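Worksheet: the structure to be examined is printed underneath.
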Amino acid sequence: MTTKQPPPLMKKHSQTDLVSRLKTRKILGVGGEDDDGEVHRSKISQVLGNEIKFAVREPLGLRVWQFVSAIIFSGVAIMALTFPDQLYDAVFEEESVTSKIPIRLYGGALLSISLIMWNALYTAEKVIIRWTLLTEACYFGIQFLVTTITLVENGQASLGAALLLFSRVLFVCISIYYYYQVGRRPKKV
């Protein structure tokens, strides 16, 4: 007996057929716009999401500001830990400090915040950048209020204190500016 040979496999031309390809894409749900107005080129990109959507569009100078902030926090922290008398004298122009412990504790807290600032410098996550900017703004704002109240209570004003207060207001404004710039929704292109 002779065995029948199966018919030769015919290659389907659906891959080149435009109508068939469009039908396949419609069934898969790709190629059309989603709720956000994005066009997905494959089912994988639709399920996993578009990575460009999550990228932070950094405002001009953000990384420079983060670097400067980390240096400021680290420098003041090291100065408060090693030379508490000089730091106190620079702001309040008094001869001596009754206790160095509060100033050194202040330096330790600043050193902790500076570590957060240094780590935020290397991240691309929008939430972490915004939280560090908000931390900076709160710190500088509170420092402005505490220094102002202390100067009013003591009835003294110095050039060092005036420069400190001016710099704190400036730093609050810069931090809040970048906080809102990083939080803005990017424009769709």
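Taken in order, the sequence shown gives residues 1 to 189; the numbers are from our numbering. Note that CB positions come from ideal geometry on N, CA and C, so glycine has one too. A quick note: this is a predicted structure, and the numbers were derived from the prediction, not measured.
Of the residues the options, which one's Cα is nearest the Cα of residue i?
i      : options                       : result
Gly141 : Val91, Val169, Ile72          : Val169
Arg104 : Asn119, Gln86, Met117, Leu115 : Gln86
Ile129 : Phe67, Gln5, Thr3             : Phe67
Pro84  : Pro102, Thr132, Arg63, Phe73  : Pro102
Tyr178 : Leu134, Ala157, Phe144        : Leu134
Ser127 : Val64, Cys173, Arg185         : The sequence shown places Val at residue 127, rather than the Ser named in the question. When each option's Cα is compared against that of Val127, the closest is Arg185.
Tyr139 : Leu62, Gln5, Arg63, Ser69     : Ser69
Asp89  : Gly183, Leu164, Trp65         : Leu164
Ser112 : Ala77, Leu62, Ser167          : Ala77
Trp65  : Ile174, Gln181, Gly183        : Ile174
Ala157 : Thr3, Val91, Lys4             : Val91
Gly183 : Gly75, Glu58, Gln5            : Glu58
Ala124 : Ile71, Arg63, Lys4, Lys100    : Arg63
Gln181 : Leu60, Pro6, Leu159, Gln5     : Leu60
Ile71  : Lys100, Ser114, Thr82         : Ser114
Phe144 : Gly160, Gly155, Pro6, Phe166  : Phe166
Tell me, to the nearest whole angstrom, how far the beta carbon of residue i is from that of residue j; I am working on the premise that it is less than 8 Å.
i      : j      : result
Ala80  : Gly107 : 3 Å
Leu110 : Phe73  : 5 Å
Asp98  : Ile116 : The amino acid at residue 98 is misidentified as Asp; the sequence shows Thr. That pair is no contact at about 31 Å.
Exercise. With a floor of 3 residues, list each beta strand (DSSP E) that falls wholly inside the region 57 to 125, ordered by position along the chain.
Key: When DSSP assignments are scanned along the region 57 to 125, no uninterrupted stretch of beta strand (DSSP E) that is 3 or more residues long falls wholly within it.
Quiz item: Is it a yes or a no for the region 143 to 155 touching the region 106 to 124, going by three-plus beta-carbon pairs under 8 Å?
Solution: Not touching, per the Cβ criterion.
Quiz prompt | Secondary structure, alpha helix (DSSP H): runs of 4+ residues fully inside the region 126 to 154 | solution = Complete alpha helix (DSSP H) runs here, min 4: 126 to 154.
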